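Remarks on the structure that follows.
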């Protein structure tokens, strides 16, 4: 195992770990170098299990032992630093004491992600990494088969998304549409009923809309930007518009992660019902 | 209307607005002075509509007009500041340009909050203000009647909770138990079936547990701390343990706001079903 003690926060070998809270810098750096960050023992283990290749590990003394096996199996360099050095490199108190830089894999083809999928989530232009991570966690936990992202949706492999997803971004298949304008037509051509989640007029309660579907339908759940929701283009190209009924006139919608959780829950229920019908 | 232009960030009249991101300072200051912060036009309007009394308003020039009516009707002083002064007082770029300090009201008695309530949410020791706010928004939107907090649960009137709740913390009745240890017994004595949401062993799928309830049951949904969940004391004093079935073995639970959203959704469904039974 290649253990390298580093005390200079400016050491170029630590460049992957620079200023983790500087979103603009990180976006640029991670895209350019094709890397992403895993933080904390659990998430690092999950990245390893999911078959991602590490570039390096950055651990504080306290943490180095806990990840011994993962580091040893990887062959990647391990940089061991003091808590002070860690803080100066990453820009905040790294109280979990464990970071790893991983190589990204190329995103799969859309056809590969859709093959065999019954229920998928399609995210338009979400901007908040926490929301993207939370939606991946809910989608994976509730049995959604895949996630498809619009070209401008926030990155699921951004550190914050990875962390909030509890590593679900490593295991739930996903890819990105390369065409926003025509993207939904591609999904419809693949046989998906596209349900746009929107509190707007003319939308059906989600459960009612699901009851109208064929038992073997393939369903894509469309979720839009925080605040403004889905674009008019996507609303227009959806197969139907659905909403979660609200009881309180002052609260006209849920936040996107709450709405996504309920919608994925309904989707999993639909999937189960359909599966049971097939069996019977 | 009492318009006061202030250019000195250290002006004592702006003391309510000091260092809004300093959680420890703010907790202390807000508790001591019985105040809370509303941020942004929409939330400020909702606080006013809900009958809270403002102590003062802090608006940038650009924003002063948009809240003209609210300020005029209140009789509270309006401090108009430049964006630079605002930033130096509150400690970040106040891009929404609108803050108001409001007086808290005394929390209602538990009996008052529970009167007539069919479905309530009971939060144990949640620490994250964003989560508390999001749960209030979901609970209000989905028709939950009230929220009851354990003594140490994070404050729903903390700025971040208020904001994320979209003002639901102003309209959804809530109070705090003054006894953590015996608190659940008080709720049981009031006739509530207490469902502890927990992924642990021996818990029923939530929907199944709901199906077993009497149609006129009063239900309290118990949600625990981020990470560790409910305490063993509360698990022990619950009427039943329920979970949301997970499809993915690697994801053994949802985050607490996603779980709360789904649980409130099921609760509202149960309420509707029961209501229909009564009608029929």
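Residue numbers (the working numbering), protein chains in the order written: chain H, 1 to 280; chain E, 1001 to 1280.
We treat Cβ as the ideally placed atom computed from N, Cα and C, and that holds for glycine.
Being a predicted model, the structure only gives us computed values, none of them experimental.
At least 3 beta-carbon pairs within less than 8 Å: the stretch 1130-1141 of chain E vs the stretch 1251-1263 of chain E: The answer is yes - the stretch 1251-1263 of chain E touches the stretch 1130-1141 of chain E, with three or more Cβ pairs under 8 Å.
Residue 1265 (chain E) in three-state terms, based on DSSP: Correct three-state label for residue 1265 (chain E): helix.
Beta-carbon contacts of residue 1180 (chain E) that lie in its chain and below 6 Å, excluding the five residues immediately before and after: Closer than 6 Å at the Cβ level, and outside the excluded window around residue 1180 (chain E), lie 1150 and 1151.
The stretch 1115-1132 of chain E touching the stretch 1220-1237 of chain E, judged by at least three CB pairs closer than 8 Å: Contact holds: three or more Cβ-Cβ distances are below 8 Å.
CB contact check: residue 210 (chain H) to chain E, cutoff 8 Å: Closer than 8 Å: no.
Three or more C-beta pairs below 8 Å linking the stretch 1025-1045 of chain E and the stretch 1059-1071 of chain E: By the Cβ criterion, the stretch 1025-1045 of chain E is in contact with the stretch 1059-1071 of chain E, since at least three pairs of Cβ atoms, one from each stretch, lie closer than 8 Å.
Residue 1294 (chain E) versus residue 253 (chain H) - alpha carbon distance: This structure cannot settle anything about residue 1294 (chain E), because the visible part of chain E is limited to 1001 through 1280.
is_contact[residue 1056 (chain E), chain H] using C-beta, thresh 8 Å: By this cut-off, residue 1056 (chain E) is not an interface position.
Residue-chain proximity (residue 273 (chain H), chain E), Cβ-Cβ < 8 Å: For residue 273 (chain H), the predicted model reports a pLDDT of 46, less than 50, meaning its position is unreliable and no value from the coordinates is stated.
Identified DSSP bridge partners for residue 1037 (chain E): As a beta-bridge residue in DSSP terms, residue 1037 (chain E) pairs with E:1101.
Residue 193 (chain H) - DSSP class collapsed to helix/strand/coil: Note: residue 193 (chain H) maps to strand in three-state DSSP.
Minimum Cβ-Cβ distance from residue 141 (chain H) to chain E less than 8 Å: Between residue 141 (chain H) and chain E, the shortest Cβ-Cβ separation is below 8 Å.
Residue from E:1103, E:1104, E:1116 and E:1168 with nearest C-alpha to residue 1135 (chain E): Distances from the alpha-carbon of residue 1135 (chain E) to those of E:1103, E:1104, E:1116 and E:1168 put E:1168 closest.
C-beta atoms of residue 1160 (chain E) and residue 1129 (chain E) nearer than 8 Å: Yes. Within cutoff.
Length-filtered (4 minimum) alpha helix (DSSP H) runs lying within the stretch 1126-1190 of chain E: You should have 1129-1141, 1159-1164, 1168-1171 and 1180-1189.
Cβ contact (3+ pairs, closer than 8 Å) linking the stretch 1098-1118 of chain E and the stretch 1232-1244 of chain E: Result no; under three Cβ-Cβ pairs closer than 8 Å.
Residue-level contact to chain E via CB, residue 166 (chain H), 8 Å cutoff: Interface residue, yes.
Start-to-end residues for the alpha helix (DSSP H) that takes in residue 63 (chain H): Per DSSP, residue 63 (chain H) belongs to the alpha helix (DSSP H) from 61-64.
Given residue 37 (chain H) as reference, the closest of H:213, H:88 and H:103 once Cα atoms are compared: Nearest option by C-alpha distance: H:103.
Residues, ordered as in the chain, of the stretch 1238-1258 of chain E that lie near chain H by beta-carbon distance below 9 Å: Result list: 1244, 1245, 1246, 1247, 1248, 1250, 1251, 1252, 1253, 1254, 1255, 1257 and 1258.
Test: residue 1137 (chain E) CB closer than 8 Å to a CB of chain H: Yes, contact with chain H.
Contact under 8 Å by Cβ, residue 83 (chain H) with residue 60 (chain H): Taking the C-beta atoms as reference points, residue 60 (chain H) is found nearer than 8 Å to residue 83 (chain H).
Proximity test, Cβ basis, 8 Å: residue 86 (chain H) and chain E: Chain E contact via Cβ: absent.
Option nearest residue 20 (chain H) by Cα separation, candidates H:183, H:78, H:101 and H:173: It is H:101.
Residue 231 (chain H), enclosing alpha helix (DSSP H) - first and last residue: For residue 231 (chain H), there is no enclosing alpha helix (DSSP H), since its DSSP letter is neither H nor E.
Spatial distance of residue 1171 (chain E) from residue 10 (chain H) (CA atoms): Between the C-alpha atoms of residue 1171 (chain E) and residue 10 (chain H) there is a straight-line separation of about 52 Å.
Contact list for residue 265 (chain H) against chain E, beta-carbon separation under 8 Å: By Cβ distance, chain E contributes 1244, 1262 and 1265.
C-beta contact flag for residue 1058 (chain E) and residue 1023 (chain E) at 8 Å: No, they are not a contact pair.
Amino acids of chain H, ordered along the chain, whose beta-carbon sits closer than 7 Å to that of residue 1134 (chain E): Those within 7 Å of residue 1134 (chain E) in chain H are 255 and 258.
C-alpha distance - residue 1107 (chain E) paired with residue 1217 (chain E), whole-angstrom precision: So the two alpha carbons sit approximately 26 Å from each other.
Own chain partners of residue 14 (chain H) with C-beta closer than 8 Å, once the 5 adjacent residues on each side are dropped: So the qualifying residues of the chain are 6, 58, 79, 81 and 89.
Beta carbon of residue 202 (chain H) nearer than 8 Å to that of residue 164 (chain H): Between residue 202 (chain H) and residue 164 (chain H), the C-beta spacing is not below 8 Å.
Proximal residues to residue 196 (chain H) (C-beta, below 6 Å), its chain only, five neighbours per side dropped: Non-local beta-carbon contacts of residue 196 (chain H) in its own chain, meaning distances under 6 Å to residues more than five positions away in sequence, involve 222, 230, 235, 238 and 241 in chain order.
Interface residues of chain E facing residue 171 (chain H) [CB-CB closer than 9 Å]: 1248, 1250 and 1251, listed in chain order.
Buried versus exposed, by CB contacts within 10 Å (16 or more), residue 1243 (chain E): It counts as buried.
Cβ neighbours of residue 190 (chain H) in the same chain (closer than 7 Å, five flanking residues each side left out): Closer than 7 Å at Cβ, skipping near neighbours: 114.
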